[in-house]
């Protein structure tokens with residue numbers, strides 16, 4: 285059974301063929317403008333960050349191609365995992381091809397706006413185009429994000445327990461420790477907010493609905509775990525390509541800890557925040573400073589710079605075809 289459209293949900297608003305004929309031409313310039321903006325952003329980003337791309341290519345010129353190919357394959361596979369997790373966050377069946385293409389476009393948009401706003405906006409638009417209401421679409425994104433954070437936490441716990449001594453925490457000041465201990469005390473105050481309570485109830489209701497369908501629950505958690513694991517595999521592949529003798533589980537733990545910490549700093553695609561956190565985590569894991577910088581650069585090349593142009597092209601195509 286197909287989900288109701290916006291017109292079916294609001295039958296009191298008549299939409300005639302004449303009205304549609306007037307709306308479509310009005311939308312055409314808007315879609316053309318968005319496509320142009322996407323192309324301009326592609327050119328500007330490539331020009332602005334060309335030294336980074338050039339330096340990364342030169343630094344990785346001596347890397348082993350087989351490991352880099354494995355890392356690139358893992359990076360591309362994260363799009364499929366993201367699509368699986370997004371499907372698992374809703375009970376309705378979403379169009380598979382457009383869902384995967386949306387994740388490709390969302391990954392590119394995520395590097396243009398801070399704190400995942402770009403990816404969230406693309407996925408929100410896609411879900412509403414599939415017939416879900418805006419509140420339900422936003423709740424589905426919150427369910428997916430919650431599952432992703434929980435999956436990272438679970439993987440960190442498993443690696444830390446399986447390999448004692450792998451997790452090395454940096455020395456922090458007493459003020460930082462006090463702030464970390466007092467932060468949970470503010471949680472009850474936040475929960476007193478009526479808007480937050482309503483949002484939590486909506487997310488909780490959707491989580492229960494999804495988990496009543498075993499297939500959807502498996503997709504949500506399986507996709508989330510695979511997404512985080514494949515990103516860790518990209519970092520492992522880069523370290524191997526550079527010949528760094530570091531245990532894979534230590535590299536994976538360093539990435540998972542860094543990506544969890546980078547969420548606290550809302551930068552576009554984690555650029556800057558994730559880079560610094562990952563370099564620090566790798567250094568704590570025993571990687572020399574210059575080698576850690578090379579690993580971060582290689583990770584960024586495989587997950588950001590190389591897929592960026594294709595992702596923005598897919599975004600422009602989806603907008604042009606009114607799929608977003």
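Residue numbers (the numbering used here): 285 to 608.
Glycine residues also receive a C-beta, built at the ideal position from the N, C-alpha and C atoms.
These numbers come from a predicted model, not from an experiment.
Taken in chain order, the complete alpha helix (DSSP H) segments of 4 or more residues contained in the stretch 360-397 are 380-393. Residues 507, 510, 511, 514 of the same chain have their beta carbon placed closer than 7 Å to that of residue 365, with the five preceding and five following residues left out of the count. Apart from sequence neighbours up to five positions away, the residues of its chain that approach residue 565 with a beta-carbon distance below 6 Å are 538, 541, 542, ordered along the chain. A Cβ-Cβ distance of about 5 Å is found for the pair residue 396 and residue 402, placing them in contact under the 8 Å criterion.
Judged by beta-carbon spacing, residue 525 lies within the 8 Å limit of residue 348, meaning their Cβ atoms are closer than that value. The C-alpha of residue 499 lies about 31 Å from the C-alpha of residue 545. Annotation: residue 503 to residue 583 spans about 26 Å, alpha carbon to alpha carbon.
In the DSSP annotation of this structure, the continuous segment of the alpha helix (DSSP H) that includes residue 557 starts and ends at 557-568.
The C-beta distance from residue 529 to residue 520 rounds to 13 Å, too long to fall under 8 Å, and the pair is not in contact.
Contact check for residue 370 against residue 383 passes: the beta carbons are separated by less than 8 Å. Shortest Cα-Cα distance from residue 437 to any of 335, 381, 547, 385 involves 547.
When secondary structure is reduced to three states using DSSP, residue 496 falls in the coil class, being assigned neither helix nor strand.
Straight-line measurement puts the Cα of residue 426 at about 12 Å from the Cα of residue 434. With distances taken between CA atoms, residue 444 lies nearest to 536 out of 415, 536, 380.
In this structure, the straight-line span from the alpha carbon of residue 373 to that of residue 346 is close to 42 Å. Sequence-distant Cβ neighbours of residue 391 in its own chain, meaning closer than 6 Å and more than five residues away, are 595. For residue 588, the closest of 394, 406, 494, 423 by C-alpha to C-alpha distance is 394. In this structure, residue 602 lies near residue 386, with their beta-carbon atoms less than 8 Å apart.
Annotation for residue 608: no alpha helix (DSSP H) segment contains it, and DSSP assigns it neither H nor E. CA-to-CA, the gap between residue 493 and residue 567 works out to about 43 Å. Non-local C-beta neighbours of residue 580 in its own chain, meaning closer than 7 Å and more than five positions away in sequence, comprise 559, 562, 563, ordered along the chain. Just so you know, the alpha carbons of residue 522 and residue 482 end up roughly 44 Å apart. In this structure, the CA atom of residue 404 is about 12 Å from the CA atom of residue 418. When the five nearest sequence neighbours on each side are left out, the beta carbons in the same chain lying within less than 8 Å of the beta carbon of residue 379 are those of 414, in order along the chain. Boundaries of the alpha helix (DSSP H) harbouring residue 422: 418-446, taken from the DSSP string. Distance from the CA of residue 432 to the CA of residue 597, rounded to the nearest whole angstrom, comes to 26 Å. If you draw a straight line from the Cα of residue 363 to the Cα of residue 572, it comes to about 31 Å. Between residue 359 and residue 593, the C-beta spacing is not below 8 Å. Residue range 401-413 is occupied by the alpha helix (DSSP H) that includes residue 412.
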